[in-house]
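The structure appears right after this line, and notes come after that.
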Amino acid sequence: MRNAYIDQFPAEARLIKAAFWSSFIALAIGGVLGLVQALHRTDVLRFISSADYYTVLTAHGVLLAITFTIFFLVGIFTWAVTTSLERGVVDIRFTWSWYALMVVGAVMAAITIFAGFIESPPEILGSVLSADVLFTFYAPLEAHPFFYLGLALFVVGTWIAGVDWFRTWWAWRDENPDERIPLPAFMVLTTTLFWYICTLGVALSIIVFLLPWSLGIVDSVNPLLTRTLFWYFGHAVVYFWLMPTYIMWYVMLPKFSGGKLFSDPLARVVFVLFLLLSTPLGIHHQYLDPGIAEGYKFIAMTNTMFLLLPSLLTAFTVVASMEHGARQRGGTGRLGWLTALPWRDPVFTGMALSGLMFAAAGFSGMINAGMNINYLVHNTWWIVGHFHLTVGTAVALTFMAVAYWFIPQVTGKELWSRSVGLAQVLLWFVGMTFMSNAMHRSGLFGMPRRTAEPQYNGFEFEPVAGTVAEINAQVALGAVLLTVSLALFLLNMVVTSFNGTSDAIPDNTYAGALSGPEDSPAILDNLKLWTTIAVVLVVFAYTLPLASIVDSGGLFGPGIDGFRLTIAPDAGLLESLGEVVR
Ligand code: HAS
Ligand code: CU
0 MRNAYIDQFP AEARLIKAAF WSSFIALAIG GVLGLVQALH RTDVLRFISS
50 ADYYTVLTAH GVLLAITFTI FFLVGIFTWA VTTSLERGVV DIRFTWSWYA
100 LMVVGAVMAA ITIFAGFIES PPEILGSVLS ADVLFTFYAP LEAHPFFYLG
150 LALFVVGTWI AGVDWFRTWW AWRDENPDER IPLPAFMVLT TTLFWYICTL
200 GVALSIIVFL LPWSLGIVDS VNPLLTRTLF WYFGHAVVYF WLMPTYIMWY
250 VMLPKFSGGK LFSDPLARVV FVLFLLLSTP LGIHHQYLDP GIAEGYKFIA
300 MTNTMFLLLP SLLTAFTVVA SMEHGARQRG GTGRLGWLTA LPWRDPVFTG
350 MALSGLMFAA AGFSGMINAG MNINYLVHNT WWIVGHFHLT VGTAVALTFM
400 AVAYWFIPQV TGKELWSRSV GLAQVLLWFV GMTFMSNAMH RSGLFGMPRR
450 TAEPQYNGFE FEPVAGTVAE INAQVALGAV LLTVSLALFL LNMVVTSFNG
500 TSDAIPDNTY AGALSGPEDS PAILDNLKLW TTIAVVLVVF AYTLPLASIV
550 DSGGLFGPGI DGFRLTIAPD AGLLESLGEV VR
């Protein structure tokens with residue numbers, strides 16, 4: 000008797016399928032733009048003007064870093080909560096409402112970005128419809144209000160999704176008052192809690208400062224303040240992408256390895272540490288920002304180093320679980336067990352290669368985190384190399400690999416081709432090795448990021464090894480291999496969607512644990528306690544820096560400390576508002 004997710008939760012399966020396909024559409028568009036900009040930057044092939052490069056780069060960043068990742072993870076979180084609590088969501092209409100809000104927000108932001116390609120984009124609400132502001136939308140770069148509004152709606156959609164997952168847990172807890180929170184649900188709830196804490200920063204920045212500024216209601220903003228509020232959110236968002244990846248590494252990788260999770264308690268400690276530490280360290284993106292005292296930067300660096308711990312624990316726990324699985328499959332020897340792992344399975348191999356890549360990513364993250372050495376790599380292609388290993392592989396390749404398991408679960412259709420899937424994950428790994436390695440190397444000799452023309456007059460980059468031409472060729476080759484891999488992934492997904500349903504779908508179950516929750520203190524499940532501590536840490540880390548930024552640069556710019564209407568909304572604005580409403 001088939002026991003796939005769609006058999007247990009047909010309504011939720013439809014929602015998860017919609018979220019996954021929204022994610023794939025963003026991945027497809029964002030991925031093709033990645034090839035366009037890589038070939039442009041390396042001067043191999045130019046399809047666009049350098050002026051359009053920033054529209055492409057903004058679209059690539061927002062579609063991949065925000066839309067692709069978060070639509071996929073809300074699918075994983077809904078699966079994790081309903082499967083582990085063995086109950087559906089409280090009200091599926093409520094679930095579709097937050098998904099719809101995310102779609103509206105994402106489409107609004109995307110339309111505004113792509114309007115940047117129009118020769119002379121239309122004026123709406125008194126400002127030009129475009130958003131060449133990159134995914135970090137730093138002021139004083141200014142986007143159309145629809146861009147900020149779209150992002151705000153998207154985030155509100157995720158907030159409501161979090162309420163959905165908590166409501167499901169509360170309903171379960173009423174019926175199981177003495178039970179420990181099942182691990183996948185625990186992982187989703189702790190992640191949702193730090194998501195609420197960190198998104199306050201970006202919500203404040205958009206709603207109080209950037210949106211009124213883009214509507215002309217206030218005249219100016221304090222760029223360092225809005226940038227600091229962005230990074231208050233900006234580092235934690237990377238863990239919002241990473242936690243669903245970790246959920247799959249913790250609860251599915253051991254199962255696919257043929258074994259069990261080494262330690263449930265250690266997994267709970269890891270997620271509590273991410274709840275506590277994800278937010279109070281965002282200033283490690285601003286080591287070179289003037290206007291923030293070195294002491295505050297030092298605190299951010301210290302917290303960042305602490306935050307290596309949960310990932311190092313993850314490396315230990317997950318690899319130990321893989322080894323346990325390999326030995327159940329007859330693996331022997333100090334390392335010989337590696338050969339006993341199911342390397343022909345694209346789901347397993349995709350995740351294992353993601354983890355391997357993340358080990359390298361963690362190393363480059365440690366380099367980024369060192370205040371002194373960061374001066375060498377900040378705003379260079381090293382950083383771009385780093386995040387193509389982290390979100391571009393650890394997260395993205397895991398998401399693509401688990402899609403080979405998930406899509407059959409939520410459609411009841413067998414995957415079209417496992418061998419194409421295996422080729423795809425291997426190609427992604429090889430392509431990213433070329434591209435990211437070259438980016439890291441070029442960052443070391445100062446190659447800048449976020450510029451269409453990295454050449455400067457009268458100045459030649461002197462690589463420490465190789466030549467700029469060789470490095471550019473490596474980046475271009477990597478980008479092409481990644482694009483071929485992406486095409487194989489999308490082909491597999493599309494052809495599978497035309498398959499008939501099948502009974503040969505694996506059971507919707509996840510790995511048990513060698514050491515279960517009963518081996519850990521119940522206090523680990525005290526979410527109120529950990530959230531309170533997390534908020535206290537944030538207050539400690541951000542009160543003084545934000546106060547000094549406002550003190551020196553004003554809330555809305557030098558000397559402008561009130562949210563006063565510096566200009567009454569002009570008649571034209573009211574008129575055009577009327578037009579939009581009509
Ligand atoms: Fe980062 C910049 C520091 C993790 C993403 N990061 C970025 C940016 C992005 C990003 C997008 O301190 C650029 C933003 C922009 O546009 O400006 N990052 C770190 C550190 C970590 C880290 C210390 N980053 C991530 C993750 C990301 C991500 C995760 C996305 C998902 N990062 C920085 C800093 C900057 C930065 C500075 C600012 C730089 C600047 O100047 O602008 C740590 O969390 C890393 C910890 C990870 C490890 C590795 C553990 C290894 C594991 C693998 C186990 C193996 C398995 C499989 C499971 C210590 C868990 C094994 C296989 C077998 C076969 C056995
Ligand atoms: Cu960071």
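FYI, the numbering for the sequence shown is 0 to 581, going by numbering that gives the first Met the number 0.
Every residue gets a Cβ at the ideal spot worked out from N, C-alpha and C, and that includes glycine.
Remember, it's a predicted structure, so these values are computed and weren't measured experimentally.
The C-alpha of Asp-344 lies about 15 Å from the C-alpha of Gly-354. Beta bridge pairing from DSSP links Thr-432 with no other residue. For the pair Asp-263 and Ser-49, the CB atoms are not nearer than the 8 Å cut-off. Remark: C-beta atoms of Trp-415 and Val-467 do not approach each other more closely than 8 Å. Shortest Cα-Cα distance from Ala-540 to any of Phe-555, Met-321, Ala-299 involves Ala-299.
Residue side-chain check: Val-424 keeps its Cβ at 7 Å or more from all non-hydrogen atoms of the ligand CU. Residues of the same chain with a CB within less than 8 Å of the CB of Asp-163, apart from the 5 flanking positions on each side, are Thr-77, Val-88, Val-89, Phe-93, Thr-94, Trp-97 in chain order. Distance from the C-beta of Val-154 to the nearest heavy atom of the ligand CU is not below 7 Å. The three-state reading of DSSP puts Ser-519 in coil, since its state is none of H, G, I, E or B. From the listed residues Trp-212, Gly-290, Glu-322, Phe-232, the smallest Cα separation to Asp-550 is found for Gly-290. With a cut-off of 7 Å, the C-beta of Gly-361 is classified as near the ligand HAS, since at least one heavy atom of the ligand falls inside that distance. The shortest C-alpha to C-alpha distance from Met-350 to any of Val-419, Leu-62, Trp-427 is the one to Trp-427. Within its own chain, the residues whose Cβ lies closer than 7 Å to the Cβ of Ala-475, once the five positions on either side in sequence are excluded, are Ala-37, Leu-38, Thr-41, Val-43, listed in chain order. For Ala-512, the enclosing beta strand (DSSP E) stretches over residues 512-514. Excluding residues up to 5 positions away in sequence, Thr-167, Ala-170, Trp-171 lie with their Cβ nearer than 8 Å to the Cβ of Arg-86 in the same chain.
Judged by the Cβ position, Thr-303 qualifies as a neighbour of the ligand HAS at the 7 Å threshold, a heavy atom of the ligand being closer than this.
Under the three-state reduction of DSSP, Glu-122 is assigned to strand. Setting aside the 5 residues that flank it on each side, Leu-388 is surrounded in the same chain by Met-356, Phe-357, Ala-359, Ala-360, Ser-363, Met-431, Ser-435, each with a C-beta closer than 8 Å to its C-beta; the list follows chain order.
By the Cβ test, the stretch 53-63 is not in contact with the stretch 213-225, since fewer than three Cβ pairs between them sit closer than 8 Å. Only residues of its own chain outside the window of five on either side were considered, and among them Leu-152, Phe-153, Val-155, Gly-156, Ile-159 have a CB closer than 8 Å to the CB of Leu-100, listed in chain order. In the three-state reduction of the DSSP assignment, Pro-407 falls in the helix class, which pools H, G and I. Shown here for Pro-447: same chain residues with a beta carbon closer than 8 Å to its own, the five before and five after excluded, namely Asn-378, Thr-379, Trp-380, Pro-453 in chain order. Per DSSP, reduced to three states, the secondary structure at Thr-77 is helical. For Trp-336, the closest alpha carbon among the candidates Ala-109, His-323, Val-346 is that of His-323.
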